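So for the sequence shown, this note's numbering puts the first residue at 18; every next one is plus one. By construction, the Cβ of each residue, glycine as well, lies at the ideal position given by its N, Cα and C atoms. Quantities reported herein were computed from a predicted structural model and do not represent experimental measurements.
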Amino acid sequence: MNYTESLTRYTANFIDELARNGMTDVVISPGSRSTPLALVFREHPSIKEWIVIDERSAAFFALGLAKKSKRPVALVCTSGTAAANYYPAVVEAFYSRVPLLVLTADRPHELRQVGAPQAIEQIKMYGDYVKWFHEMATPEGTPPMLRYARQKAAQAFAFTEQGNKGPVQVNFPFREPLTPDFTLPDIWGAEKEKSTARINRMEGMKYLGEEQIQELTALFGSSRKGLLVCGPEMNVNFAERVCELAQVWNLPVLADPLSQLRTGEHDKTHVIEGYDAFLRDSEIRERLQPDYIIRFGAMPVSKAYLFYVKEHSHIPQFVVEENEGFRDPTGNDTAYIYADPRQLCSQLIEKAPDKLSTAAWLDEWLHYNQIAKNHLLSGEETQVTEGEAARGIAAVIPDQTTLYVGNSMAVRDVDSFFMVSSKAVSILCNRGANGIDGVISSAVGAAAAGQRVTLLIGDLSFFHDMNGLLAAKQYQLPITIVLVNNNGGGIFSFLPQANDKKHFEALFGTPVDLPFEKAGALYGAAYQVVSTERALKEQLEQSYQQSGLSIIEVKTDRDENAVWHREKWNRVMAEIKEGWQ
């Protein structure tokens, strides 16, 4: 067997095994050394390939696609700094627990550390940000080596999903010639040679024993002011289950916008979504002291909630993790419950104690929440504000679609102004590392999963990732981008740095003064600029009737925006405290 045949069969068996394990999508960036992987992926009948030229954009595209589809997505790039450009998205995938399979092509061993072009150190180049790394053997076509290729493919796929999901790197040293031979018979391997690795990999559900459940219910049953908190979470079935727990136990449930509790058909009568507005006041935080807190998912976006839990560090707090990890930045003496969150809710529902949280406790949260909603949803400014942009999206976004949200102010405005809805809208955001890079690419990748996407993003984040618009143009993906342009970093206007008038604009405001409509023209987008919330809603509804890429620019003023937000919050807190008199 010559080298080309060995290369072809070896690579084809690896990729076919990925398909057998459930791989459906691969994102490929062009390059020479990755030719075997790129061509064989494209030839495979069961895997859809997406070609994204810029590797940084490609990695975030794959992350968005994996996040939305809830399936591992493969990445393929050539050797050298191409692989280094994956780094930001790999970090995000690790912290946000998104399954990515990073397949990096490399120079063979004899061309490393000898000055060969495009040869950098790729062994474990992502360090501890991948769950598993493997350096593949150089291609051979013998039966033992084809079985080895399949085994490593199955292992790599499994590692992306086992425990907390996340990224995996497999490094491929390829010698020339690099072009596979697709005229060979049976390159995917004979049926009898194919592994059953996926069938042989079975995982059970983690759950608490009867004694542990009784211990928890005894503790919670002796308390009168329990609180459920739900941070970022992707499982819609969990939303229904935790809301049922809240009803049975008579508990308020604080729902982060990324928890998937605010949207959908489940009962939301106990859902509190306006807590960020009134927990900004220290007296209100003290008045709402709970007896215990159970948190599901990652830490919520709200900094006001962070203050709340820090100030009540003495009360029992429990964080539920499905597999492993310690996600509590408060420094509190937190107890961890490692169990499937849906199963835990079912067990607690079944063992509900005789004494539940008081109706007065729940009613107080609901009353404050309604006051917050009344103020946050009222009024319409003559010039649209950033909060109104989030509010307008919430009002008209279609059912069965996705809202992707940028970091900094965008996700905080969604937290404040996107209230509960019966629409089945997924709300996604890159909250693992909270970066503003790669957001357009992630949103476009989410659209590649087959559902229309609305992206709410700020101008600096948009500038960071304009390359991501190319995939939307190439594949005519259905995405509407609401670009909030306050000419700089709007979130810093809410922080102490804003008081430093000498250095603020240069270091934090960072205006870019770019005519973004030209970027829209470059990528063939339908582009509109709106000045009112009503006009935004009208343009959104029009964009939802169109295919392809639409961009709606909302121009705001950073200083005015900060004042407008603070006035809203102050009215909420003032009305709540007036009711105490």
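DSSP state of residue i, grouped into three classes?
i    : result
E66  : strand
E397 : coil
I414 : coil
L477 : helix
S11  : Outside the displayed range of the chain (18 to 598) lies residue 11, so it cannot be described from this structure.
Y322 : helix
E619 : What is shown of the chain runs 18 to 598, which leaves residue 619 out entirely.
T52  : helix
A450 : coil
T14  : As displayed, the chain neither begins before 18 nor continues past 598, which places residue 14 out of reach and without an answer.
V529 : coil
F199 : coil
A101 : helix
N252 : coil
K223 : coil
L262 : helix
S113 : helix
Going by the CB atoms, is the gap between residue j and residue i shorter than 8 angstroms?
i    : j    : result
A466 : L82  : yes
P125 : P197 : no
Y27  : P156 : yes
L553 : V546 : no
V456 : D416 : no
S567 : A536 : no
V336 : R312 : yes
L262 : C247 : no
K148 : F176 : yes
G505 : P532 : no
L275 : R448 : yes
L195 : P47  : no
S374 : L268 : yes
A91  : M162 : no
A377 : G291 : no
P105 : G423 : no
In terms of residues, what are the limits of the alpha helix (DSSP H) holding residue i?
i    : result
V558 : The question names Val, but residue 558 in the sequence shown is Glu. It spans 550-560 - the alpha helix (DSSP H) in which E558 sits, taken as one unbroken run.
Q186 : Segment 184-190 is the beta strand (DSSP E) holding Q186; no alpha helix (DSSP H) there.
E232 : 227-238
Y27  : 20-38
D430 : 426-434
L487 : 486-492
Y544 : Taken as a continuous stretch (DSSP letters only), Y544 belongs to no alpha helix (DSSP H), being part of the beta strand (DSSP E) at 543-547.
L80  : 72-86
A272 : Element bounds for A272: not the alpha helix (DSSP H) but the beta strand (DSSP E), 270-272.
L539 : 533-539
A591 : 575-595
F511 : Segment: none, F511 is in no alpha helix (DSSP H) and carries neither H nor E.
K518 : No alpha helix (DSSP H) holds K518; DSSP gives it neither H nor E.
Q168 : 160-178
T347 : Unbroken run through T347: none, as it is neither H nor E.
R302 : 299-304
Can you have a look at residue i and say buried or exposed, based on whether 16 or more other CB atoms are within 10 angstroms of its CB?
i    : result
M590 : buried
M153 : buried
A352 : exposed
I216 : In this predicted model, I216 has a pLDDT of only 49, less than 50, meaning its place in the structure is not dependable; the value taken from the coordinates is given anyway. Result: exposed.
K519 : exposed
E339 : buried
N19  : exposed
M10  : Past the boundaries of the shown model lies residue 10; the chain is included only from 18 to 598, so the question cannot be answered.
G206 : buried
M222 : exposed
K141 : exposed
A235 : exposed
F199 : exposed
Per DSSP, residue i is paired with what?
i    : result
D123 : P190
L148 : Reading off the sequence shown, one finds Lys at residue 148, where the question assumed Leu. Beta-bridge pairing links K148 to no other residue.
Y385 : Y385 pairs with nothing; no bridge assigned.
R312 : V246, V336
A377 : According to DSSP, which records beta bridges pairwise, A377 is partnered with nothing at all.
I444 : L420
T280 : S438
L118 : A91, V185
V131 : Its beta-bridge partners do not exist; DSSP assigns none.
I289 : L271
Just reading off the beta strand (DSSP E) that residue i is part of, what are its end residues?
i    : result
E367 : Looking at the DSSP string, E367 is not in any beta strand (DSSP E); the run it does join, the alpha helix (DSSP H), is 358-367.
V501 : 496-502
Y355 : 352-355
L92  : 90-94
V44  : 42-45
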